[in-house]
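J.: This is the structure I have questions about; it appears just below.
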Amino acid sequence: MELTIQQDELLKGLQKSQSVAEKRSSMPVLSNVLLEAKDQQLHLTATNLEVSFTGSHEANVTDEGAITIQARKFYEIVKELPFPEVRITEKENQWVNISSGSTEYNLVGLPADEFPQVMKYEDISWVDMDAALLKEMIDKTIFAVSTEETRYNLSGIYFEKVEDEDPICLKLVATDGHRLSYIQKPLPEVVKFDFDKGIIIPRKGMQELSRLLEESQQVQVAFQENTAIFRNGKSTLIMRLIDGDFPDYNAVIPKDCKRVLEIERSRFIEMLRRMSIISTDRYRGIRCKIQSDQMEIISNNPEIGDAREEIPVTYNGEEMTIAFNPRYFMEALAVMKSKTILAKMIDESSACIISGEEDEGFFSVVMPMRL
1171 MELTIQQDEL LKGLQKSQSV AEKRSSMPVL SNVLLEAKDQ QLHLTATNLE VSFTGSHEAN
1231 VTDEGAITIQ ARKFYEIVKE LPFPEVRITE KENQWVNISS GSTEYNLVGL PADEFPQVMK
1291 YEDISWVDMD AALLKEMIDK TIFAVSTEET RYNLSGIYFE KVEDEDPICL KLVATDGHRL
1351 SYIQKPLPEV VKFDFDKGII IPRKGMQELS RLLEESQQVQ VAFQENTAIF RNGKSTLIMR
1411 LIDGDFPDYN AVIPKDCKRV LEIERSRFIE MLRRMSIIST DRYRGIRCKI QSDQMEIISN
1471 NPEIGDAREE IPVTYNGEEM TIAFNPRYFM EALAVMKSKT ILAKMIDESS ACIISGEEDE
1531 GFFSVVMPMR L
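Residue numbers (the working numbering): 1171 to 1541.
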């Protein structure tokens, strides 16, 4: 294999492959990126077996071939090369020479046939989606995805078609058992999605897709068997769906909440940030005393000390005291854009629903704590 390619063009693909390639793995080849030179293009592929990235880049290929090299070091080298043109040459025994001007590196590679086979797709129906809309939906749900390996069916975002409403909508839901995030947006194109019941797309894949969506106005989406595929120009993300049943999320959404608190969002976030300074993993809850015109928050940590602050609110309901994990509130409020938010509750032992007028179709549910 031998080719030359523009440094900035190569960096585009290597940047996207970095977070997909495994940093530490029992399979060394998963820390590598696959380079395939053919048809005057360099094709880059990275995978962790759950999520795969492929990208195609124009190159001057003088000798076609394929090899894998360490993804992180390759990226760091290319980023620091002194001239805009990069030459890549495969040597004997899977060594790869990377040069630019008088600067050159030799890296140890691994054979291309050791790299896992990435799913090939053909004859699939692509659906065009607004990239900004899909990114908003992902960003407003991904923070609530479970990071516990034992809760496999909660380790992704749940996609569901809502065809019994006019207009037809797409719904995304995520939960870790302590809080839930939910967003629903009108999207008639979802009728073309090739799945009947809801599907779960892994958190890692959604993180990579959110980054990819920053670069474009449109993204092409397709589903095939147990796989979701997202394509933007010459970059493609392929994700293996999570095989499991998502829980009945409607069962944890409180109904008929008569206690409604209205509060300024940015001021509330700042207050929660201050109150959580003395929190630790062992003592992470805050106590909220809510009255008609103010809310007092108390943070108490026997190992460090305590903190207290008041904030003006508008509240209709009986005076109450309720405890929450402040991080769950802060992460939900951080993805919102409403100036004021509503927190709705049934009583001291019920979950709280957070919503805002300018965040249409979105709400978050936070379960209370016992202190």
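Where is the CB? At the ideal position from N, CA and C, for every residue including glycine.
What residue from Gly-1531, Leu-1304 and Lys-1362 has the CA that sits closest to Val-1389's CA?
T.: By one-based count along the sequence shown, residue 1389 stands at place 219. Ranking Gly-1531, Leu-1304 and Lys-1362 by Cα distance to Val-1389 puts Leu-1304 first.
J.: Taking Lys-1305 as part of the alpha helix (DSSP H), name the residues at either end of that continuous run.
T.: The residue given as residue 1305 occupies position 135 in the sequence shown. Per DSSP, Lys-1305 belongs to the alpha helix (DSSP H) from 1301–1309.
J.: Using the C-alpha atoms, what's the distance from Phe-1363 back to His-1213?
T.: On the sequence shown, residue 1213 is found 43 positions in, with the first residue counted as 1. On the sequence shown, residue 1363 is found 193 positions in, with the first residue counted as 1. So the alpha carbons of these two residues sit roughly 28 angstroms apart.
J.: Does the distance from the C-beta atom of Thr-1259 to that of Glu-1172 stay below 8 angstroms?
T.: Taking the sequence shown and counting its residues from 1, one reaches residue 1259 at position 89. Taking the sequence shown and counting its residues from 1, one reaches residue 1172 at position 2. Contact check for Thr-1259 against Glu-1172 passes: the beta carbons are separated by less than 8 angstroms.
J.: Between the C-alpha atoms of Pro-1538 and Glu-1518, what's the straight-line distance to the nearest angstrom?
T.: Against the sequence shown, residue 1538 aligns to sequence position 368. Against the sequence shown, residue 1518 aligns to sequence position 348. Pro-1538 and Glu-1518 have their C-alpha atoms roughly 8 angstroms apart.
J.: Let me make sure I understand the geometry here. Which of Gln-1177, Ala-1301 and Pro-1281 has the alpha-carbon closest to that of Leu-1357?
T.: Numbered from 1 along the sequence shown, position 187 holds the residue referred to as residue 1357. The residue with the shortest Cα to Cα distance from Leu-1357 is Ala-1301.
J.: Looking at the unbroken alpha helix (DSSP H) that takes in Ser-1469, where does it start and where does it end?
T.: Working through the sequence shown from its first residue, we reach residue 1469 at position 299. Unbroken run through Ser-1469 is the beta strand (DSSP E), 1464–1471; no alpha helix (DSSP H).
J.: What number of angstroms, rounded off, separates the C-alpha of Ala-1421 from the C-alpha of Ser-1269?
T.: In the sequence shown, the residue the question calls residue 1421 occupies position 251. In the sequence shown, the residue the question calls residue 1269 occupies position 99. Taking the CA atoms as reference points, Ala-1421 sits about 60 angstroms from Ser-1269.
J.: Could you please give the first and the last residue of the uninterrupted beta strand (DSSP E) stretch that includes Ala-1398?
T.: The residue labelled residue 1398 in the question sits at position 228 within the sequence shown. From DSSP, the beta strand (DSSP E) with Ala-1398 extends over 1397–1402.
J.: Considering only DSSP beta bridges, list what Arg-1429 is partnered with.
T.: Here the question's residue 1429 lines up with position 259 in the sequence shown. Looking at the DSSP assignment, Arg-1429 forms a beta bridge with Met-1515.
J.: How far does the beta strand (DSSP E) with Ser-1222 in it reach, from first residue to last?
T.: Taking the first residue of the sequence shown as 1, we reach residue 1222 at position 52. Counting along the chain, the beta strand (DSSP E) containing Ser-1222 begins and ends at 1221–1228.
J.: Measure from the alpha carbon of Met-1289 to the alpha carbon of each residue in Arg-1454, Ile-1516, Lys-1428 and Arg-1410, then state which is nearest.
T.: For this step, residue 1289 is matched to residue 119 along the sequence shown. Comparing Cα-Cα distances from Met-1289 to each of Arg-1454, Ile-1516, Lys-1428 and Arg-1410, the minimum goes to Arg-1410.
J.: By how many angstroms is the C-alpha of Cys-1427 removed from the C-alpha of Ala-1506?
T.: The count along the sequence shown starts at 1 and reaches residue 1506 at position 336. The count along the sequence shown starts at 1 and reaches residue 1427 at position 257. One point to set straight first is that residue 1506 is Met, not Ala, in the sequence displayed. Approximately 21 angstroms, taken between the alpha carbons.
J.: Alpha carbon to alpha carbon, how far is Leu-1184 from Leu-1324?
T.: Working through the sequence shown from its first residue, we reach residue 1184 at position 14. Working through the sequence shown from its first residue, we reach residue 1324 at position 154. If I take the Cα positions, the gap works out to 30 angstroms.
J.: Which runs of the beta strand (DSSP E), 3 residues or longer, sit entirely within the stretch 1337–1387?
T.: 1339–1345, 1349–1356 and 1369–1372
J.: State the Cα-Cα distance for the pair Met-1197 and Leu-1219, rounded to the nearest angstrom.
T.: Here residue 1197 refers to the residue found at position 27 of the sequence shown. Here residue 1219 refers to the residue found at position 49 of the sequence shown. In a straight line, the C-alpha of Met-1197 is about 11 angstroms away from that of Leu-1219.
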